[in-house]
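Numbering (the numbering used here), first residue to last: 4 to 164.
Glycine included, each C-beta is placed from N, C-alpha and C at the ideal position.
Here it is, written out as structure tokens:
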């Protein structure tokens with residue numbers, strides 16, 4: 004896997020430093036700082052992690068450890084329309100795997116990937132708490148229930164810009 008190298012603009016550096024300052028540059032606030040940073044950038048590339056470590060006076064390894072431990076954080080840019088397929092028990096039993104396969108086929112990406120145009124990214128979840136609607140697919144903040152492989156193309160078409 005290749006690492007994406009980015010250059011932070013001065014305005015981004017200042018905003019990130021301000022996020023750290025809002026939490027008093029306290030190492031105990033690392034998770035809150037990372038939430039703020041991911042909100043600003045959409046993901047947490049190495050350059051962001053390094054600056055957070057510097058501002059909070061902790062090691063980059065500690066920052067990286069937290070970023071990789073919690074599934075909420077991502078080191079890859081997500082698509083404009085992130086897609087999540089629930090693979091919890093109820094969804095799985097009702098065919099979520101077929102929904103996932105059709106989504107991968109339609110987008111020509113694997114789980115964890117982002118389409119070349121940056122429009123979609125694909126991930127899986129264990130349970131979204133909508134078991135009565137299984138199988139469930141989430142695109143952005145919109146939840147689709149009782150999804151069939153035939154509906155995947157139609158759902159994705161709603162989000163093609």
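If we call anything under 7 Å between Cβ atoms a contact, is residue i one with residue j?
| i | j | result |
| --- | --- | --- |
| residue 19 | residue 54 | yes |
| residue 152 | residue 101 | yes |
| residue 124 | residue 82 | yes |
| residue 50 | residue 11 | yes |
| residue 148 | residue 84 | no |
| residue 30 | residue 61 | yes |
| residue 138 | residue 150 | yes |
On a Cα-Cα basis, can you pick out the residue from the options that is closest to residue i?
| i | options | result |
| --- | --- | --- |
| residue 65 | 138, 46, 85 and 37 | 37 |
| residue 115 | 161, 39, 135 and 80 | 80 |
| residue 109 | 157, 97 and 134 | 157 |
| residue 74 | 139, 133 and 129 | 129 |
| residue 94 | 26, 134, 15 and 145 | 134 |
| residue 96 | 71, 119, 122 and 136 | 136 |
| residue 1 | 17, 159 and 163 | As shown, the chain starts at 4 and ends at 164. That puts residue 1 outside it, with no answer to give. |
Given residue i, which residues of its chain have a CB within under 6 Å of its CB, disregarding the five upstream and five downstream residues?
| i | result |
| --- | --- |
| residue 141 | 87 |
| residue 132 | none |
| residue 26 | 32, 35 and 36 |
| residue 103 | 88 |
Between residue i and the rest of its own chain, which residues show a CB-CB distance below 8 Å, the 5 nearest in sequence each way excluded?
| i | result |
| --- | --- |
| residue 69 | 33, 34, 37 and 76 |
| residue 22 | 36, 39, 40 and 43 |
| residue 121 | 80, 82 and 83 |
| residue 28 | 58, 59 and 60 |
Would residue i count as contacting chain B if we go by Cβ distances under 7 Å?
| i | result |
| --- | --- |
| residue 48 | The structure shown contains no chain B; it holds only a single protein chain. |
Spatial neighbours of residue i within its chain, please: CB distance less than 7 Å, with the 5 preceding and 5 following residues excluded, ordered by chain position.
| i | result |
| --- | --- |
| residue 41 | 47 and 76 |
| residue 63 | 52, 53 and 56 |
| residue 119 | none |
| residue 98 | 138 |
| residue 105 | 152 and 155 |
| residue 67 | 52 |
* To do: Give, in chain order, every unbroken run of the beta strand (DSSP E) that is at least 3 residues long and sits entirely within the segment 20 to 98.
  => 84 to 89
For a minimum of 4 consecutive residues, which ranges assigned as the alpha helix (DSSP H) are wholly contained in the segment 129 to 163? 152 to 160
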